[in-house]
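Heads up: the structure comes next, in structure tokens.
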Amino acid sequence: MLTVSGLLHRFDTADANARAAVHIPELSVPAGRFVVITGPSGSGKTTLLYLLSGLLRPSQGSIAWSGQDIVPMHEGQRDDWRRRHAGFVFQNFNLIEEMTAYQNVTVAAYFSAFSDRQVRGKARQLLAQLGVPDEKRQISSYSRGEQQRIALARALVFDPPILFADEPTASLDITNSKGLAEQFQVLSRAGKSVIVVSHDPVVIGAADSVIRLDHGRLVALSSEAVA
1 MLTVSGLLHR
11 FDTADANARA
21 AVHIPELSVP
31 AGRFVVITGP
41 SGSGKTTLLY
51 LLSGLLRPSQ
61 GSIAWSGQDI
71 VPMHEGQRDD
81 WRRRHAGFVF
91 QNFNLIEEMT
101 AYQNVTVAAY
111 FSAFSDRQVR
121 GKARQLLAQL
131 GVPDEKRQIS
141 SYSRGEQQRI
151 ALARALVFDP
161 PILFADEPTA
171 SLDITNSKGL
181 AEQFQVLSRA
191 GKSVIVVSHD
201 PVVIGAADSV
211 IRLDHGRLVA
221 LSSEAVA
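Going left to right, the sequence shown walks through residues 1 to 227 as UniProt numbering numbers them.
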């Protein structure tokens, strides 16, 4: 379960009167849900995603996953928490062009406690499940939809309980967007918490809960998210 309390983040920390990029007094989301964060450009969607994932540390407040507050952790502890608990799909995928699909998925093994054998097997399983053809091709030869599925496989290779994704359908056609939204539903039904920033109606319509932001404030909630 995700529990947020007194969350405030300012990029201009020197000015106490500067407008907060994100300000959410309270928020709770049950575990194993597919949640979309949406809102207009500049509303704080990606900032909130980075805060929830530990990529950013807030100016104040608490962010607890299953009772564990990640805010007091120092940077190394947050990095370790993410390795063990979270996968992240970035908007531009952040794939390494010179590597194959398989190598992109397995490269993170060098920074983990998982054995090469475990990671190799899981990588091949995920690429096959997600319909990525010929894992030995270089990234540049794949379509955007295929690259997105490779990025998703990389995020899932350590079987994390939480998946974060930032505008994952931004460069996809409607067919690939529907396929990805369905994959998020499958993952949440299997017990993973899926937290996605999106303005795509296909993704929003598939979610269990929707969090709407405007100017960093929570302006609307749907379904099982509770403010």
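By construction, the Cβ of each residue, glycine as well, lies at the ideal position given by its N, Cα and C atoms.
Under a three-way DSSP split, which group does isoleucine 70 fall into?
-> Judged by DSSP in its simplified three-state form, isoleucine 70 adopts coil rather than helix or strand.
With distances taken from CA atoms, which of Ala155, Ala151, Leu130 is nearest isoleucine 139?
-> Isoleucine 139 has its Cα closest to that of Ala151, out of Ala155, Ala151, Leu130.
Can you tell which of Pro40, His9, Leu55 has its C-alpha closest to the C-alpha of phenylalanine 164?
-> For phenylalanine 164, the nearest C-alpha among the options comes from Leu55.
Using the C-alpha atoms, what's the distance from alanine 20 back to phenylalanine 93?
-> Whole-angstrom Cα-Cα distance: 28 angstroms.
Buried or exposed (CB count within 10 angstroms, at least 16 for buried), threonine 38 = With 16 or more other Cβ atoms within 10 Å, it is buried.
For glutamine 68, which option in Val119, Val36, Ser5, Ile96 has the closest C-alpha, if you only look at C-alpha atoms?
-> Closest by alpha carbon: Ser5.
Three-state secondary structure assigned by DSSP to leucine 187 = Residue state for leucine 187 is assigned as helix, using DSSP reduced to three classes.
Would you tell me roughly how many angstroms separate the C-alpha atoms of glycine 216 and histidine 23, rounded to the nearest one?
-> For the pair glycine 216 and histidine 23, the Cα-to-Cα distance works out to about 6 angstroms.
What number of angstroms, rounded off, separates the C-alpha of threonine 46 from the C-alpha of valine 35?
-> Rounded to the nearest angstrom, the gap between the Cα atoms of threonine 46 and valine 35 is 14 angstroms.
Roughly how many whole angstroms lie between the Cα atoms of histidine 199 and arginine 33?
-> A straight line joining the alpha-carbon of histidine 199 with that of arginine 33 spans about 18 angstroms.
Leucine 27 versus Asp134, Phe11, Arg154, Leu52, residue with shortest Cα-Cα distance = Check the Cα spacing between leucine 27 and each of Asp134, Phe11, Arg154, Leu52: the tightest is with Leu52.
When the Cβ atoms of the stretch 92–107 are set against those of the stretch 70–79, are three or more pairs found closer than 8 angstroms?
-> Because the criterion of three Cβ pairs below 8 angstroms is not met, the stretch 92–107 and the stretch 70–79 do not touch.
Span separating the alpha-carbon of leucine 187 from that of leucine 213 | Those two C-alpha atoms are separated by around 25 angstroms.
Can you give me the Cβ contacts of glutamate 182 inside the same chain, cut-off strictly under 8 angstroms, excluding the 5 residues immediately before and after it?
-> Cβ within range, chain order: Ala206.
Three-state secondary structure assigned by DSSP to arginine 144 | Assignment of arginine 144 by DSSP, reduced to helix, strand and coil, places it in the helix class.
How long is the line joining the alpha carbons of arginine 124 and arginine 117, rounded to whole angstroms?
-> Going by the C-alpha atoms only, they are around 11 angstroms apart.
With respect to the beta strand (DSSP E) encompassing alanine 86, which residues constitute its N-terminal and C-terminal limits?
-> First-last of the beta strand (DSSP E) with alanine 86: 86–89.
Three-way DSSP call (helix, strand, coil) for glutamate 182 in this model | Note: glutamate 182 maps to helix in three-state DSSP.
So, using beta-carbon positions, are alanine 220 and valine 157 closer together than 9 angstroms?
-> No. Outside cutoff.
From this set, Pro201, Tyr142, Ile195, which residue's C-alpha is nearest valine 29's C-alpha?
-> Nearest of Pro201, Tyr142, Ile195 to valine 29, Cα basis: Ile195.
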